[in-house]
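K.L.:
Residue 6 is where the sequence shown starts when you use this note's numbering, and the numbers rise one by one after that.
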Amino acid sequence: MAKCIGTVLKCKHFANIQSLQSLVPINICTWRIRNFMVHELRCRYTTYSNIPELNLENEVPKKAKVSRAMRAYLERAQKHDEFLKEQLLQYNIGKRHLANMMGEDPETFMQEDIDRAIEYLFPSGLFEPKARPLMKPPDEVFPPRKAAEFDESGRPHHFLFYTGRPNLYQLLHDLVSHTNSLNDFEDKMIKKHLIPDATQAMSTSGSVWLPKSQFEIILVEKLSDREPQYSADGRAYVTIKECLRKSARGEVTVRSPGTGLITINNKSIEYFEHIQDREQLLFPLIFTNMIGSVDVEATVAGGGPSGQSGAIRWGIAHGLRSFVTQDMVEKMRIAGLLQRDYRKHERKKPGQAGARKKYTWKKR
6 MAKCIGTVLK CKHFANIQSL QSLVPINICT WRIRNFMVHE LRCRYTTYSN IPELNLENEV
66 PKKAKVSRAM RAYLERAQKH DEFLKEQLLQ YNIGKRHLAN MMGEDPETFM QEDIDRAIEY
126 LFPSGLFEPK ARPLMKPPDE VFPPRKAAEF DESGRPHHFL FYTGRPNLYQ LLHDLVSHTN
186 SLNDFEDKMI KKHLIPDATQ AMSTSGSVWL PKSQFEIILV EKLSDREPQY SADGRAYVTI
246 KECLRKSARG EVTVRSPGTG LITINNKSIE YFEHIQDREQ LLFPLIFTNM IGSVDVEATV
306 AGGGPSGQSG AIRWGIAHGL RSFVTQDMVE KMRIAGLLQR DYRKHERKKP GQAGARKKYT
366 WKKR
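#1: Under a three-way DSSP split, which group does T293 fall into?
#2: Given 8 Å as the limit, is there contact between the region 280-299 and the region 247-256, that is, 3 or more CB pairs closer than that?
#3: If you run the structure through DSSP and keep just helix, strand and coil, what is T365?
#4: Compute the Euclidean distance between the alpha carbons of S298 and G265, then round it to the nearest angstrom.
#5: Count the CB pairs spanning the region 172-190 and the region 235-250 that are closer than 8 Å, and state whether there are at least three.
#6: Would you tell me roughly how many angstroms separate the C-alpha atoms of I339 and G315, rounded to the nearest one?
#7: For the candidate residues M207, S229 and G211, whose alpha-carbon lies nearest to that of K217?
#8: Using the Cβ count rule (16 or more neighbours within 10 Å means buried), how would you classify A136?
#9: Have a look at S261 and T304 and give me their C-alpha separation to the nearest angstrom.
#10: Taking the beta strand (DSSP E) that I269 belongs to, which residues open and close that run?
#11: How is I195 classed by DSSP in three states: helix, strand or coil?
#12: Enumerate in chain order the residues of its own chain whose CB-to-CB distance from V334 is below 6 Å, with the five nearest sequence positions on each side excluded.
#13: In the DSSP assignment, the alpha helix (DSSP H) including D144 goes from what residue to what residue?
#14: Below 7 Å, is the gap between the Cβ of I267 and the nearest heavy atom of the ligand FAD?
#15: Could you give the uninterrupted runs of the beta strand (DSSP E) lying entirely in the region 298-360, keeping only those of 3 residues or more?
#16: Round the Cβ separation of S129 and P138 to the nearest angstrom and send it over; I've been treating them as touching at under 8 Å.
#17: Go through its chain and collect everything with a Cβ distance to S236's Cβ below 7 Å, but skip five positions before and after it.
#18: Just how far apart, CA to CA, sit I200 and M194?
#19: For Q116, which residues from the same chain have a beta carbon less than 8 Å from its beta carbon, with the 5 sequence-adjacent residues on both sides left out?
#20: By the DSSP assignment, the alpha helix (DSSP H) with L126 in it spans what residues?
#21: Taking only three categories from DSSP, how would you classify V225?
#22: Label R250 either buried or exposed according to how many other C-beta atoms from any shown protein chain fall within 10 Å of its C-beta, with 16 as the threshold for buried.
#23: Kindly list the residues whose CB is nearer than 8 Å to the CB of I296, restricted to its own chain and excluding five residues on each side of it in sequence; keep chain order.
#24: Drop a sphere of 10 angstroms on the beta-carbon of F127, count the other beta-carbons inside from all chains shown, and report buried for 16 or more, exposed for fewer.
#25: Less than 7 Å between C-beta atoms, sequence neighbours within five positions excluded: which residues of the same chain meet that for Y276?
#26: For A77, which three-state DSSP category applies?
#27: Classify V181 as helix, strand or coil using the three-state DSSP reduction.
#28: For E302, tell me which candidate among S311, T330, Q281 and I245 has the shortest Cα-Cα distance.
#29: Go ahead and label P171 buried or exposed: buried means 16 or more other beta carbons lie within 10 angstroms of its beta carbon, across all protein chains shown.
#30: Assuming R352 and A360 form a contact by the criterion Cβ under 8 Å, report the distance between their Cβ atoms to the nearest whole angstrom.
#31: Taking the beta carbon of Q281 as the centre, do at least 16 other beta carbons fall within 10 Å, making it buried, or is it exposed?
#32: By the three-class DSSP mapping on this structure, what secondary structure does E256 have?
#33: Along the beta strand (DSSP E) that carries E247, what are the first and last residues, could you check?
#34: Apart from the five residues on each side of it in sequence, which residues of its chain come closer than 6 Å, Cβ to Cβ, to S27?
#35: According to DSSP, is P216 part of a helix, a strand, or is it coil?
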């Protein structure tokens, strides 16, 4: 490369000296100038690895590009922070007024005192605690928001970002990791013939099950009750177990997308001989307009055709909730597709022709 530059610069038609300095670093070339013309140029052969870096101090640094998602997040976060600051200011002012009304010192007026004062000033006979008057800090009243999950270029921070619920799956990942480490520790103790101390056993008597709403607040994520799983071929599927109807027990798997294939105990829909049982089976698919969009695999045992078709119908209806909209789920609930049928065959009574039927009355 240096040889090519030297060959080009031997030409005597260069009148602008600054152009030479922009082409070749000064420390690798020397030239003699006569009458503002390049008379002689000598270059030593070098490679790019030997060329020192150019001085870039005077160059204007390029501005980092901010993605639209990051810009929108920053705007929302700024508005949310301003809103919380305003609410916190109003809360502090109201707390001081409330302390003065109760004759207390505002500096030592705590949240327990506020709750007691609100209960005294606004007595309520409502049974639901959420319907009663309250005065809480803004961070307890308004739900928290997630921090930025990606950098300025749009690259996510969390390695589980594309699961859709990184905090939930991170919690499950940590739970499994701790469980595996405890199992390994137990195996090592068994190999060494060490008996664990019974006094150091973990006690779960004081643990409390959290409701779903509170769990969502802790994770700052929305949780779904009908989250489908994915098979190796990328198809989503939901398995509904304990499908009950009379004395029939079944298990139903709904796969999407599908072609409308229905398999019952490794047989087609002709497993049911009567048309009424087949209509019972197809009703959830027809109601949701998913007759050719999903595949159904069912195994059922016990009971008769009516009980088995009813059990499979209930399983299909519950499996379809993961593949339809919330409005359709509400329509299914109103239509009675999601309601389990607990009715049983009533036994025959002695002295009667059936469960309710009586014998024909005769005078003699």
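Glycine included, every Cβ here is placed at the ideal spot set by N, Cα and C.
P.N.:
By the coordinates alone:
#1: For the purposes of this step, residue 293 is identified with residue 288 of the sequence shown, where counting begins at 1. Three-state result, T293: coil.
#2: Under the Cβ criterion (8 Å, minimum of three pairs), the region 280-299 does not count as touching the region 247-256.
#3: One-based indexing of the sequence shown puts residue 365 at position 360. Looking at T365 - three-state DSSP - the assignment turns out to be coil, as it is neither helix nor strand.
#4: Within the sequence shown, residue 298 is the residue found at index 293, counting from 1. Within the sequence shown, residue 265 is the residue found at index 260, counting from 1. Taking the straight line joining both Cα atoms gives about 6 Å.
#5: Judged by Cβ distances under 8 Å, the region 172-190 makes no contact with the region 235-250, as fewer than three pairs qualify.
#6: In the sequence shown, counting from the first residue as 1, residue 339 sits at position 334. In the sequence shown, counting from the first residue as 1, residue 315 sits at position 310. The alpha-carbon separation between I339 and G315 amounts to approximately 18 Å.
#7: Position 212 of the sequence shown, counted from the start, is the residue given in the question as residue 217. K217 has its Cα closest to that of S229, out of M207, S229 and G211.
#8: As a working note, residue 136 is residue 131 in the sequence shown. Residue burial annotation: A136 is exposed, with fewer than 16 other C-beta atoms found within 10 angstroms of its C-beta.
#9: By 1-based counting over the sequence shown, the position of residue 261 is 256. By 1-based counting over the sequence shown, the position of residue 304 is 299. The straight-line gap from Cα to Cα measures roughly 18 Å.
#10: Taking the sequence shown and counting its residues from 1, the one referred to as residue 269 is at position 264. I267 to I269 is the extent of the beta strand (DSSP E) around I269.
#11: Counting from 1 along the sequence shown, the entry for residue 195 is found at position 190. The DSSP-derived three-state label of I195 is helix.
#12: For the purposes of this step, residue 334 is identified with residue 329 of the sequence shown, where counting begins at 1. Taken in chain order, the residues that qualify are R326.
#13: Residue mapping note: residue 144 aligns to position 139 of the sequence shown, counting from 1. Taken as a continuous stretch (DSSP letters only), the alpha helix (DSSP H) holding D144 covers P143 to V146.
#14: In the structure shown, the ligand FAD is absent, as is every other ligand, since no ligand is present at all.
#15: DSSP runs (the beta strand (DSSP E)) wholly in the region 298-360: 300-306.
#16: Sequence index remark: in the sequence shown, residue 129 carries index 124 (1-based). Sequence index remark: in the sequence shown, residue 138 carries index 133 (1-based). Yes, they are in contact, since the Cβ atoms of S129 and P138 sit about 6 Å apart, within 8 Å.
#17: Position 231 of the sequence shown, counted from the first residue, corresponds to residue 236. Once the five neighbours on either side are set aside, the close Cβ partners of S236 are Y242.
#18: Looking up residue 200 in the sequence shown gives position 195. Looking up residue 194 in the sequence shown gives position 189. Rounded to whole angstroms, the gap between the alpha carbons of I200 and M194 is 7 Å.
#19: As a first step, residue 116 must be located in the sequence shown, where it is residue number 111. If you ignore the 5 residues before and after Q116, its C-beta comes within less than 8 Å of the C-beta of K141 and P142, all in its own chain and listed in chain order.
#20: To locate residue 126, count along the sequence shown from 1; it is residue 121. Start and end: Q116 to L126.
#21: Here residue 225 refers to the residue found at position 220 when the sequence shown is read from its first residue. DSSP places V225 in coil when its eight states are reduced to three.
#22: Looking up residue 250 in the sequence shown gives position 245. If you draw a 10 Å sphere on the C-beta of R250, you find 16 or more other C-beta atoms in it, and that means buried.
#23: Along the sequence shown, one-based indexing puts residue 296 at 291. For I296, where only same-chain residues beyond five positions count, the Cβ hits under 8 Å are G265, L287 and L290.
#24: As a working note, residue 127 is residue 122 in the sequence shown. F127 counts as exposed, since fewer than 16 other C-beta atoms from the protein chains shown sit within 10 angstroms of its C-beta.
#25: Residue 276 sits at position 271 when you count from the first residue of the sequence shown. For Y276, where only same-chain residues beyond five positions count, the Cβ hits under 7 Å are I269 and N270.
#26: Locating residue 77 in the sequence shown gives position 72, counting from the first residue. The answer is helix: DSSP assigns A77 an H, G or I state.
#27: Locating residue 181 in the sequence shown gives position 176, where the first residue counts as 1. Reduced to three states, the DSSP call for V181 is helix.
#28: Within the sequence shown, residue 302 is the residue found at index 297, counting from 1. Out of S311, T330, Q281 and I245, I245 has the C-alpha closest to the C-alpha of E302.
#29: The residue given as residue 171 occupies position 166 in the sequence shown. The C-beta of P171 has 16 or more other C-beta atoms within 10 Å across all chains shown, which makes the residue buried.
#30: Residue 352 sits at position 347 when you count from the first residue of the sequence shown. Residue 360 sits at position 355 when you count from the first residue of the sequence shown. About 6 Å; that satisfies the 8 Å criterion.
#31: Counting from 1 along the sequence shown, the entry for residue 281 is found at position 276. Exposed, since its Cβ has fewer than 16 Cβ neighbours within 10 Å.
#32: Residue mapping note: residue 256 aligns to position 251 of the sequence shown, counting from 1. The answer is strand: DSSP assigns E256 an E or B state.
#33: For the purposes of this step, residue 247 is taken as the residue at position 242 of the sequence shown. Per DSSP, E247 belongs to the beta strand (DSSP E) from A241 to R250.
#34: The sequence position of residue 27 within the sequence shown is 22, counting from 1. Note on S27: pLDDT 46, under 50, position unreliable in the model; no value is reported.
#35: Here residue 216 refers to the residue found at position 211 of the sequence shown. Coil at P216, not helix or strand.
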